[in-house]
Amino acid sequence: MKIIIDNQRLGGASPAQWLRRAGYTLINDRQRGQESFVRRLSRDFYPRFHLYVQEREGGGYFFNLHLDHKKASYEGQSRHSADYDGEMVEQEAARLSSLLLPPSVSSAPIAGGNIQADVLTTLKPSFKPPLAPKRSWWQRLFS
């Protein structure tokens with residue numbers, strides 16, 4: 002499944018930083034000379050989500066996501082059992098999309114402030130429920 006990501010929606014982070022925050026780990030394929038990211042579903046190496054990042058010409062990135070079921074069975078083969086579409090891949094794509102900043106939030110610097118702090122305060126309104134008065138242990142014991 003291919004996901005198109007704009008630079009602005011990463012919140013000023015590189016794709017590698019953003020994917021690490023999303024729970025992915027960088028791996029290097031020495032045979033092909035490619036870098037990719039994986040997110041395990043359990044303690045074992047498989048099954049896992051596997052994601053390749055490609056830069057777009059007009060800016061932004063392509064995230065190519067699939068679910069690896071198991072390692073390639075035969076020596077010298079790179080083919081393996083994987084899902085490029087399906088319910089689990091769609092759920093992971095939705096999870097990644099929910100972690101992105103909304104498209105309406107601009108990444109232009111705000112004068113005299115930190116962009117990440119300002120964005121977070123606009124996205125999450127500060128709501129604190131009223132605190133109940135503290136009672137001593139003696140009052141709690143006999144009430």
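In this note's numbering, the protein residues as written are 2 to 144. By construction, the Cβ of each residue, glycine as well, lies at the ideal position given by its N, Cα and C atoms.
Bounds of the alpha helix (DSSP H) holding residue 100 are 88-100.
Across the set 46, 2, 136, 131, the C-alpha of 2 shows the shortest separation from the C-alpha of residue 64. Take the alpha-carbon of residue 13 and the one of residue 34: they are about 27 Å apart. In chain order, 38 place their CB closer than 6 Å to the CB of residue 20, counting only its own chain and leaving out the 5 sequence neighbours on each side. Excluding sequence positions up to five before and after residue 36, its CB lies within less than 7 Å of the CB of 27, 29, all in the same chain and listed in chain order. Sequence-distant partners of residue 51 (beyond 5 residues in either direction) whose C-beta falls short of 8 Å from its own C-beta, in its chain, are 37, 38, 39, 66, 67, 68, 69, 83. With 16 or more other Cβ atoms from the protein chains shown falling within 10 Å of its own Cβ, residue 25 counts as buried. Pairing residue 144 with residue 132, the inter-Cα distance amounts to about 19 Å.
Taking the Cβ atoms as the reference, residue 6 lies roughly 7 Å from residue 101, within the contact range of under 8 Å.
Note that the C-beta distance between residue 62 and residue 16 is below 8 Å. Under DSSP, residue 84 takes part in a beta bridge, and its partners are 68.
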